[in-house]
Amino acid sequence: MDVLAKFLQQLINGIHVGSIYALIALGYTMVYGIIKLINFAHGDIIMMGAYFTFVCIVTFNLPIGVALITPVILCLLSGILIERVAYKPLRNSPRLSALITAIGVSFLLENVFFKKFGQNPIPFPQIINPSPISLGPLQISRITFITVLISVLLMILLDLFIKKTKPGKAMRAVSEDPGAAQLMGINVNSTISLTFATGSALGAVGGILYSIAYPLIDPFMGVMPGLKAFVAAVLGGIGIIPGAMLGGFIMGIAESLTKGYISSQLADAVVFGILIVVLSLKPSGLLGKNVKEKV
Amino acid sequence: MLKVKNINVYYDAIHAIKDVSFKVNEGEIVTLIGANGAGKTTILHTVSGLMKAKSGEISFQKQKIDHLEAHKLLQLGIAHVPEGRRVFAEMTVQENLELGAFTKKDKKAIKRNFEMVYEKFPRLKERRKQIAGTLSGGEQQMLAIGRALMSEPKLLLMDEPSMGLAPILVQEIFNIIKEINAAGTTILLVEQNANMALSIAHRAYVLETGKVVLEGNAKDLLGNDEVRKAYLG
Ligand SMILES: Nc1ncnc2c1ncn2[C@@H]1O[C@H](COP(=O)(O)OP(=O)(O)OP(=O)(O)O)[C@@H](O)[C@H]1O
Ligand SMILES: [Mg+2]
Chain A
3 MDVLAKFLQQ LINGIHVGSI YALIALGYTM VYGIIKLINF AHGDIIMMGA
53 YFTFVCIVTF NLPIGVALIT PVILCLLSGI LIERVAYKPL RNSPRLSALI
103 TAIGVSFLLE NVFFKKFGQN PIPFPQIINP SPISLGPLQI SRITFITVLI
153 SVLLMILLDL FIKKTKPGKA MRAVSEDPGA AQLMGINVNS TISLTFATGS
203 ALGAVGGILY SIAYPLIDPF MGVMPGLKAF VAAVLGGIGI IPGAMLGGFI
253 MGIAESLTKG YISSQLADAV VFGILIVVLS LKPSGLLGKN VKEKV
Chain B
-7 MLKVKNINVY YDAIHAIKDV SFKVNEGEIV TLIGANGAGK TTILHTVSGL
43 MKAKSGEISF QKQKIDHLEA HKLLQLGIAH VPEGRRVFAE MTVQENLELG
93 AFTKKDKKAI KRNFEMVYEK FPRLKERRKQ IAGTLSGGEQ QMLAIGRALM
143 SEPKLLLMDE PSMGLAPILV QEIFNIIKEI NAAGTTILLV EQNANMALSI
193 AHRAYVLETG KVVLEGNAKD LLGNDEVRKA YLG
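Here the protein sequences line up with chains A and B, keeping their order. Just so you know, the first sequence maps onto residues 3 to 297 in the numbering used here. Just so you know, the second sequence maps onto residues -7 to 225 in the numbering used here.
If you want it as structure tokens, here you go:
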């Protein structure tokens, strides 16, 4: 029983962090789907979400609801701004230029926050009471419960948004064929903005949830979860939304099981190892299509 | 209705369209014919705003449109059935048609247009839940045409609707084009299949390496020896 309980505990931890990776991975995959750009600055949106929340709560003492919504809105606007200023002018340039610009934006954001807040990690305020909820022999922390709940809820909402609403359908149309989408009267620029907005808002929520789980924030904190979420997106099939969700959970669970059974130091190696194995067997990712359908 | 005056279009250094002028009157079927690479697609892309002319003027119903972004043109009443169909392959037939009516707000009108398209193309109705990428070439062409009709265009631009289709289907598509025109939609048709295009069009322009080399009534061109030799085999 103990063995099983330990396994389940690790599994739950994995689902916890996996759901955060999944939220962040969605931003990578949606942006890639629509403009074929790996937005390296997305990891920094996580960090910005954390700092904005910190400032709202600690500096301005805003009521908790406002203090959680404001950072999401700020990140959403930052996402739109980054696209407009840094990526839009390069839309018809070679992809490498845009990629390098994305790395540049990432450095810029990290250094702006470094300058403002310094290098030392600062403690993130306690937002959720960590007292555990017991489910039989299992202890689930309230944080885990709420994180998974929020993430899954947002993923369901995103799925409905993309499948059922007009702007969601416009996003899919632009991802498939921007030219044909324009012929339908779809404004490609505003659809791309909407994609960045959605991805960045999800990234901000991911950043807040990540900081609740690991409550020390610093200007470079977005790099690792960003990288892992990116790997998750590639693992699931970059550009494919359910792929990002699946990839996120796989990454989180693999990481947690490795930490629990093998060693903490090896967790990252295992996670990236999985990516290499999957991609060598299926280069387009788990849910990716290997061959294009006839067009 | 549509007036194109002395447009010049470039792909970087390549001068693809040279001083081309033509017009389409309300109610007509006008065809642009020409061999591979003559510039037919480029002209349609320029009219629908996907490409910009370096010089020249395009107007639609007396309004200058050459500066407008592509997504604005549908609302003016210009729909485009692009070369190679370009249906949204990962979406269902129904979703493709919904996107055709993207700019329409009136729910009743959208419903009416769905019925109109499904009546014209019963095959699409049977397959409305099917993913468009799995349709046959002919069905995809019907979908591309149906999608354009969902916006109730005044002017329909069609780029080689017969491309890659079996002869029976080609006949069917051309019959449908005639029907659409008879119901009041003006049509600008681009074709390599000059015989077919001239047989349903009112007027035609012959393009050669980016220039209009001949124009006239479709019937006259069909009887013209030069045209016969060059394009009708
Ligand atoms: N993306 C491009 N870049 C550079 N040149 C291009 C591009 N697209 C077309 N061209 C050139 O412009 C000219 C006109 O091409 P266009 O596609 O308009 O011809 P078309 O008449 O539609 O031919 P087809 O019957 O084969 O469809 C051709 O010489 C072609 O090589
Ligand atoms: Mg062409």
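Note that the Cβ used here is the ideal one computed from N, Cα and C, for glycine as well. All figures in this text were calculated on a predicted structure; none of them were measured in a lab.
Runs of the alpha helix (DSSP H) spanning 4 or more residues and lying entirely within the stretch 17 to 59 of chain A occur at 44 to 56, in chain order. Beta-bridge annotation (DSSP): residue 217 (chain B) is not paired with any residue.
Counting only residues of its own chain and dropping the five nearest sequence neighbours on each side, residue 103 (chain A) has a CB closer than 7 angstroms to the CB of 88, 89 and 92. The C-beta separation of residue 197 (chain A) from residue 74 (chain A) comes to about 16 angstroms, leaving the pair out of contact by the 8 angstroms criterion. For residue 83 (chain B), the chain A residues whose Cβ falls inside 9 angstroms of its Cβ are 171, 174, 175 and 178, in order along the chain.
Pairing residue 126 (chain B) with residue 172 (chain B), the inter-Cα distance amounts to about 26 angstroms. Between residue 78 (chain B) and chain A, the shortest Cβ-Cβ separation is below 9 angstroms. Closer than 9 angstroms to the CB of residue 91 (chain B) there is at least one CB belonging to chain A. Rounded to whole angstroms, residue 236 (chain A) and residue 10 (chain A) show a C-alpha spacing of 27 angstroms. Secondary structure note for residue 141 (chain A): its beta strand (DSSP E) is the uninterrupted segment 140 to 143. Under the criterion of beta carbons closer than 8 angstroms, residue 84 (chain B) and residue 140 (chain B) do not qualify as touching, at roughly 17 angstroms. Interface flag for residue 121 (chain B) against chain A is unset, since no Cβ pair is found closer than 9 angstroms. Boundaries for residue 96 (chain B): no alpha helix (DSSP H) harbours it, and the DSSP string shows neither H nor E there. DSSP, reduced to helix, strand and coil, places residue 60 (chain B) outside both helices and strands of the structure shown, so it counts as coil. With a threshold of 9 angstroms between beta carbons, residue 290 (chain A) makes no contact with chain B. Annotation: the continuous beta strand (DSSP E) that includes residue 134 (chain A) extends over 134 to 137.
Between residue 8 (chain B) and chain A, the shortest Cβ-Cβ separation is not below 9 angstroms. Residue 167 (chain A) carries a coil assignment under DSSP once its states are collapsed to helix, strand and coil. Residues of the stretch 177 to 202 of chain A with a C-beta less than 8 angstroms from any C-beta of chain B: 178, 179, 181, 182, 183, 184, 185, 186, 187, 188, 189 and 190, listed in chain order. No heavy atom of ligand 1 is found nearer than 8 angstroms to the CB of residue 236 (chain A).
Distances from the CB of residue 152 (chain B) to the heavy atoms of ligand 2 include at least one below 8 angstroms. In summary, the residues of the stretch 59 to 71 of chain B whose CB is separated from some CB of chain A by less than 7 angstroms are 62, 63, 66 and 67, in the order they occur in the chain. With contacts defined by Cβ atoms closer than 9 angstroms, residue 33 (chain B) and residue 190 (chain B) do not form a contacting pair. Around the beta carbon of residue 20 (chain B), 16 or more other beta carbons sit within 10 angstroms, so the residue counts as buried. Looking at the DSSP output, residue 26 (chain B) bridges to B:199.
At a cut-off of 9 angstroms between C-beta atoms, residue 153 (chain B) does not count as an interface residue with respect to chain A. Residue 274 (chain A) has its alpha-carbon roughly 19 angstroms from the corresponding atom of residue 41 (chain A).
Rounded to whole angstroms, the gap between the alpha carbons of residue 177 (chain B) and residue 69 (chain B) is 10 angstroms.
Scanning its chain for C-beta atoms nearer than 7 angstroms, with the 5 sequence neighbours on each side dropped, one finds around residue 61 (chain B) the residues 41, in chain order.
Secondary structure of residue 52 (chain B) (DSSP, three-state): strand. For residue 14 (chain B), the beta-bridge partners assigned by DSSP are B:-4.
For the C-beta of residue 95 (chain B), the chain A residues within less than 9 angstroms are, from N- to C-terminus, 186, 187 and 188.
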